[in-house]
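Trainee: Which chain is which? The protein sequence lines are A and B, in order.
Under our numbering, think of the first position of the first sequence as 15, with each following residue one higher.
Under our numbering, think of the first position of the second sequence as 6, with each following residue one higher.
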Amino acid sequence: MARVLVGVKRVIDYAVKIRVKPDKTGVVTDGVKHSMNPFDEIAVEEAIRLKEQKVANEVIAVSCGPQQAQDVLRTALAMGADKAIHVEVSAKDYETLQPIHVSKILAKIAQNEKADLVIVGKQAIDDDCNQTAQMTAGFLDWPQATFASKIEKSDNHIVVKREIDGGLENIKCKLPAVISADLRLNEPRYATLPNIMKAKKKPLTKVTPKDLGVDTTPRIQVVSVEDPPVRQAGAIIPDVDTLITKLKEKGHVA
Amino acid sequence: MLCNRTRHVIHGFSSQARRLQSTLVIAEHDNKSLSPITQNAITAAKKLGGEITVLVAGVECKPATEAIAKASGLSKILVAESEAFKGFTPESLTPLIVDLQKKSSFTHIISGASAFGKALLPRVAAKLDVSPVSDIIGVQSPDTFVRSIYAGNAIQTVTAKDPIKVITVRGTNFEADKLEGGSVPQETVPGDSFKTDLTEFISQELSKSDRPDLASANVVVSGGRGLKSGDNFKLLYDLADKLNAAVGASRAAVDAGFVPNDLQVGQTGKIVAPDLYIAVGISGAIQHLAGMKDSKTIVAINKDPEAPIFQVADYGLVADLFKAVPELTEKLK
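1) Entirely within the region 85-167 of chain B and at least 4 residues each: give me those alpha helix (DSSP H) ranges in chain order.
2) Roughly how many whole angstroms lie between the Cα atoms of Glu86(B) and Ile123(A)?
3) Which residues share a DSSP beta bridge with Asp177(A)?
4) Rounding to the nearest angstrom, what Cα-Cα distance links Ile73(B) and Thr204(B) in this structure?
5) Would you grab the beta carbon distance between Gln44(B) and Asp134(B) for me? Rounded to a whole angstrom, and I think it's under 8 Å.
6) Should Tyr320(B) be labelled buried (16 or more other beta-carbon atoms within 10 Å of its own) or exposed?
7) Can you say whether Asp155(A) is buried or exposed, counting buried as having 16 or more other CB atoms within 10 angstroms of its CB?
8) Among Thr70(B), Glu71(B), Glu33(B) and Ile82(B), which has the Cα closest to the Cα of Pro95(B)?
9) Taking the Cβ atom as the reference point for each residue, do Lys275(B) and Leu241(B) lie within a distance shorter than 7 Å?
10) Taking the alpha carbon of Ala165(B) as the reference point, which residue from Val236(A), Val192(A), Leu131(A) and Leu120(A) has its own alpha carbon closest?
11) Expressed to the nearest angstrom, what Euclidean distance is found between the alpha-carbon atoms of Arg10(B) and Pro232(A)?
12) Rounded to a whole number of angstroms, what is the C-alpha to C-alpha distance between Val132(A) and Leu19(A)?
13) Should the region 151-165 of chain A be called in touch with the region 84-104 of chain A, which here means at least 3 C-beta pairs below 8 Å?
14) With Asp267(B) and Asp179(A) assumed to form a contact (beta carbons below 8 Å), what rounded beta-carbon distance in angstroms separates them?
15) Exposed or buried, what is Asn249(B) when buried is set at 16 or more other beta-carbons lying within 10 Å of its beta-carbon?
16) Could you round the C-beta distance between Val304(B) and Ala284(B) to whole angstroms and report it? I think they count as a contact, below 8 Å.
17) What does Ser168(A) reach in chain B if we use C-beta pairs closer than 8 Å?
18) Take the Cβ of Ser255(B) as the centre, count every other Cβ of all protein chains shown within 10 Å, and call the residue buried at 16 or more, exposed below.
19) Reducing DSSP to helix, strand and coil, say where Ser198(B) ends up.
20) Please report the straight-line C-alpha distance between Ala95(A) and Ile74(A), rounded to a whole angstrom.
21) Show which residues of chain A have a CB atom less than 8 Å away from the CB atom of Val149(B).
22) So what's Arg12(B) in DSSP terms, helix, strand or just coil?
23) Name, please, each residue of chain A whose Cβ falls closer than 9 Å to the Cβ of Phe206(B).
24) To which residues of the same chain is Asn209(A) closer than 8 Å at the C-beta, ignoring the five residues directly before and after it?
25) Of the residues Leu244(B), Val61(B) and Phe206(B), which one's Cα is nearest the Cα of Gln191(B)?
26) Does the Cβ-Cβ distance between Ser117(A) and Thr146(A) come in under 7 Å?
27) In this structure, what does DSSP give as the bridge partners for Arg17(A)?
28) In or out: Leu281(B) buried (at least 16 other Cβ within 10 Å) or exposed?
29) Contact criterion: CB-CB distance below 7 Å. Does Val163(B) meet it with respect to chain A?
30) So, helix, strand or coil for Tyr282(B), using DSSP?
31) Strictly under 7 Å for the Cβ-Cβ distance: is Tyr155(B) near chain A by that measure?
32) In the structure shown, what three-state DSSP assignment does Leu219(B) receive?
33) Examine chain A for any beta-carbon lying closer than 7 Å to the beta-carbon of Pro168(B), and answer yes or no.
34) Counting pairs of Cβ atoms below 8 Å between the region 66-82 of chain B and the region 93-112 of chain B, do you hit three or more?
35) Specify the secondary structure class of Gln44(B) as computed by DSSP and reduced to three states.
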């Protein structure tokens, strides 16, 4: 029976059209709808399925961030996680919190909680880093199964199907291991109202990076955040013939 | 806010780094040929300045090594050929790279931001206790890089303060190095001791295609939910064959099972920037645009005039794709 740790991040909702701050220090986050990073929902779902298959006996959700990070932890609890750990980071420090810090925090908690599996999403849709699973595995010296689209556990290892550039790949990892969830790993469930109510009673403990002995000094300094170049508005063309003419003019077709 | 003292330290460091700059490029290959993204990574390495060493590790390194050996402006190729690197697992490659780093003190370690580079480099960075910089689209100076965040909706410039910069490079934002005009010396590096029992490569299921590789094709024809079925993708394959194009897809088309996932273009799939991108039956969600909006010319064929794809398309055709695509294929003869 395995203990599973899932990392969840609160990010600006994927459907929101983001705005860059006028002073170019970042993007506007105040008053903007946030939710759980979509890849992390998939990670939570997979952890819960492992529990339902009696492969896992406990699912622990972890999130790093300010007070609002508890929102996504409650969501994870409502989906079926057993307990949550909120690693409290002030709003100001959170702006410079990087995957390297989160990975060290997750690695430390994985050890403290005697986890056999750490599952996180393959990337957060805000910073688009795609680093945390790999770095957590590196810090722990555990094997990593990135971009997983299927997981099967047997005795002391897991067999993972990975999404790679040319197709799919199958690997076998010794346990304990770190997994990053790709889009096609599963279809996350919705938390039902009774489960949301029950989640309010589930244990949520608070720690700080300092308690865990993790230094969160920024290693990367953001110089500026700007709008991407805007594409020139194009034209609606009436028919296929005009399209072919235009493509010929541009030299795209002979 | 950055205090003046910190600013001074950063400045002092970067000028020092410039003097002693040396970059290790991790080549990507499949034991048969070099992956084209390595050529883009070499170009990025040249922008950093300083000496460039390329590492070719694998079970069979000869084809990739021979390709790189013709490049100009490189100092050395390190060849680590061993069964230990079967499947190119990060668990076996990371200790090799860390070992080379200890011997040669590179200031930069870079590779393409492919599935290979993305899986490997953050693990290397953790082992070196540095914060990696993912998927850069520009180099401003040896320690300052440009990358996109929020699915390409914002462009971030960052300065990496760690002494070793571990970077993955977005292939489409750097020209491919021509790999000619030079003769790069080679050096063998023992690899057998890096065999690991943490992870074992079992097998690959690669999609077979005669069409150009999606990530590097000059023309891409992509289909979305509007195609309605996998069978209907034949319309796009026929058009692609006329244009010598690669075929891509939106997430909706992949999730619906029309095509395999390695064809997905977008924030979480492949990033492409061909000369011509033809989006067929694709609405143009933010996540899809992230993967293709740097294409030179974008054509959209969609029957919904309100589809967001028309806001980025150079040429938009509001039409039923089931009529327009066969007509286009036919008339391109």
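Each residue gets a CB set at the ideal place from its N, CA and C atoms; glycine is no exception.
Mentor: In short, the structure shows the following:
1) 95-109 and 120-133
2) 37 Å
3) This sequence places Glu at residue 177(A); Asp is not what is there. Paired residues: Leu182(A).
4) 29 Å
5) About 30 Å separates the two Cβ atoms, so there is no contact after all.
6) buried
7) exposed
8) Glu33(B)
9) In this structure, Leu241(B) does not lie closer than 7 Å to Lys275(B) by Cβ.
10) Selected option, being the one with the closest Cα: Val236(A).
11) The pLDDT assigned to Arg10(B) is 44, lower than 50, so where the model puts this residue is not dependable, and the model offers no usable value.
12) 5 Å
13) Of all C-beta pairs linking the region 151-165 of chain A to the region 84-104 of chain A, fewer than three are shorter than 8 Å, placing the two stretches out of contact.
14) 6 Å
15) exposed
16) 7 Å
17) Under the 8 Å cutoff, chain B gives no residues; its nearest Cβ is about 13 Å from Ser168(A).
18) buried
19) helix
20) 6 Å
21) A small correction: the amino acid at residue 149(B) is Thr; Val does not occupy that position in the sequence shown. Result: Val237.
22) For Arg12(B), the pLDDT reaches just 44, beneath the cut-off of 50, and the residue's location in the model is therefore unreliable, although a value from the coordinates is still provided. Three-state DSSP puts Arg12(B) in a helix.
23) Glu183, Asn184, Ile185 and Lys186
24) Excluding sequence neighbours, Asn209(A) sits near Ala92, Met93 and Gly94.
25) Val61(B)
26) yes
27) The bridge partners DSSP lists for Arg17(A) are Glu72(A).
28) buried
29) It does; some Cβ of chain A falls within 7 Å.
30) strand
31) yes
32) helix
33) No, Pro168(B) does not count as interfacial toward chain A.
34) no
35) helix
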